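Going by this note's numbering, the first residue of the sequence shown is number 1, and it counts up by one from there. Think of the CB as a built atom: it goes at the ideal place given N, C-alpha and C, for glycine as much as any other residue. As the structure is a prediction and not an experimental result, all values here were calculated from the model.
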Amino acid sequence: MLTNEEKEVLEKAKADGVKFVSLQFTDVVGTIKNVTIPVWRLEEALKYGIWFDGSSIEGFARICESDMFLKPDPATYCLLPWEPEERRTARIICDVHRLDGQPFEGDPRFVLKRAMEAARRKGYIYNTGPEIEFFLFKMDSLPQVRPVPHDVGGYFDFSPRDLASEVREEIALALGQMGIEVEMGHHECAPGQHEIDFRYDNALTSADNCMTFKYTVKAVARKHNLYATFMPKPIFGVEGSGMHTHQSLFTLEGDNAFFDPEDRYGLSKLAYNFMAGQMEHARALAAIVAPTVNSYKRLTPGYEAPVYICWGQINRSALIRIPRCSPGRKDTARLELRCPDPSCNPYLAFAAMLWAGLDGIERALTPPSPVEQNAYEFDDLTRRKLNITTLPGTLEEALDELERDEVLKKALGEHIYRAFVRAKRAEWEEYRVQVTDWELRRYLEVL
Ligand code: GLU
Ligand code: MG
């Protein structure tokens, strides 16, 4: 039997003249996977799911259970605006199920759903609003693997130096057609670097939106003979790309449980507990929210990315920033976690962030005093006095921390934890043995 929502999807697909449906899901490292079916199979897909072989998906099946089903989530139906009419394609994001109909514990979307269910049982909905930064490079720079920024613009610059304002507007339009409400777009600090922010939502929808966002940006950029990259630090010596994430817990009635008008920062005790939990788990959390070798080239002093585990309001070097609430808008009380970058799998990142915060609530942790100075400028002694520790300096260090963090291991679940660590240790090992340009410049002649 089809639910009403599923019936509506069938009707919409008919009315929209859809020819193909792209069924999407995500692997452990956050790569989007896709199975395309002709529209006549949509009813079957909604009723029974679509069979696929999960054995070659990163972090998915053990050989003995490679048969899986994609179960489309009807709430995620939308048209892909760049496909021509004769091939009109809708996309639906799917949950992955095992043959016995149970959700597959290796599906990152399931991991986030489980975390959100834990929050719901405590009476909360977890909302997130990511600010995704990215670079646009000239397409013809691709073969040399040397990124050439497409412009020389800077922060908030407007044309003619910001050649991408047209591209950004086109991206915003495409996202709008796919049901994602863009709130702002601007040139970021570095040449060729941009940011587009979309409206916050519950963390599951936000994570779906992050995936949609990334391939939409890539698709629109390509039309302009540019390529978009979400690599955290593509160019040495200039800013990297972050995915700062604004977070709040709302009650099931829709009130912002992070808001307290009496508090100096407008935050409730619950918000402080949540923040303290994220600070306590920050070093292990890094492995999940900043999960590539390159992520740690971004988390260095001087580029508005966090390095030190502290919090504040005006301090952009802090790990967690408290943006000022718009007057009278209690829904805007929130915590901005600044260490995530867009190379993360947003489902796993939000799940881990939520469990870390919930642990802070459960243990009634309190954060240290705020730091309102630029933490990049403190010397080691000052930092030690203020008890400020640092984020891991490498992916390897972050993985070592993750292996010691029982809360985050539980957040990922046994299956994903193992697959994730296996993939990421291999990535680190592959990197570790490289002989880099830097080494050649530094040593070749002098040694
Ligand atoms: N690009 C910076 C980062 O890597 C952030 C700049 C900003 O504050 O928006 O986190
Ligand atoms: Mg920014």
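- Boundaries of the beta strand (DSSP E) harbouring Ile125: 124 to 138, taken from the DSSP string.
- Apart from sequence neighbours up to five positions away, the residues of its chain that approach Met243 with a beta-carbon distance below 6 angstroms are Pro130, Ile132, Pro340, Asp341, Pro342, ordered along the chain.
- A distance criterion of 7 angstroms places the beta-carbon of His194 beyond contact range of the ligand GLU, judged by its closest non-hydrogen atom.
- Within the same chain, Cβ atoms closer than 7 angstroms to the Cβ of Val407 are found at His281, Trp355, Ala356, Asp359, the five residues on either side in sequence being excluded.
- DSSP places Ser248 in the uninterrupted beta strand (DSSP E) bounded by 243 to 251.
- No Cβ-Cβ contact shorter than 8 angstroms links Thr89 with Tyr347.
- Distance from the C-beta of Glu336 to the nearest heavy atom of the ligand MG is not below 7 angstroms.
- Excluding sequence positions up to five before and after Tyr272, its CB lies within less than 8 angstroms of the CB of Thr366, Pro367, all in the same chain and listed in chain order.
- In terms of Cβ geometry, Ala190 and Glu239 form a close pair [threshold 8 angstroms].
- Going by C-alpha positions, Val217 is about 43 angstroms away from Glu445.
- Per the C-alpha coordinates, the member of Tyr265, Gly302, Arg329 positioned closest to Gln313 is Tyr265.
- A residue is called buried when at least 16 other Cβ atoms come within 10 angstroms of its Cβ; Glu396 meets this threshold and is buried.
- Listed by position along the chain, the residues with Cβ atoms less than 5 angstroms from a non-hydrogen atom of the ligand GLU are Glu239, Gly240, Gly242, Glu304, Ala305.
- Rounded to whole angstroms, the gap between the alpha carbons of Phe420 and Met211 is 18 angstroms.
- Inter-segment contact for the stretch 249 to 263 and the stretch 388 to 404 is absent: fewer than three beta-carbon pairs are separated by less than 8 angstroms.
- Counting C-beta pairs with one atom in each stretch, the stretch 296 to 306 and the stretch 227 to 239 have three or more that are closer than 8 angstroms, which means they touch.
- For Asp107, same chain residues with a beta-carbon under 6 angstroms away, outside a window of 5 residues either side, are Val96 in chain order.
- When DSSP reads this structure, Trp311 sits in a beta bridge with Ile320.
- DSSP places Gly302 in the coil class of the three-state scheme, outside both helix and strand.
- Here Tyr303 is not near Leu319, since their CB atoms are 8 angstroms or more apart.
- Here DSSP, grouped into helix, strand and coil, assigns Pro38 to strand.
- Counting only residues of its own chain and dropping the five nearest sequence neighbours on each side, Asp197 has a CB closer than 6 angstroms to the CB of Glu131, Glu183, Met184.
- By the CB criterion at 8 angstroms, Leu2 and Val35 fall outside the cutoff.
- The shortest C-alpha to C-alpha distance from Gly237 to any of Val433, Ala423, Ala305, Tyr200 is the one to Ala305.
- Leaving aside the five residues that flank His150 on each side, the residues in its chain whose CB is nearer than 8 angstroms to its CB run, in chain order, Leu136, Phe137, Lys138, Leu163, Ala164, Gly192, Leu226.
- Of the heavy atoms belonging to the ligand MG, at least one sits nearer than 7 angstroms to the Cβ of Glu188.
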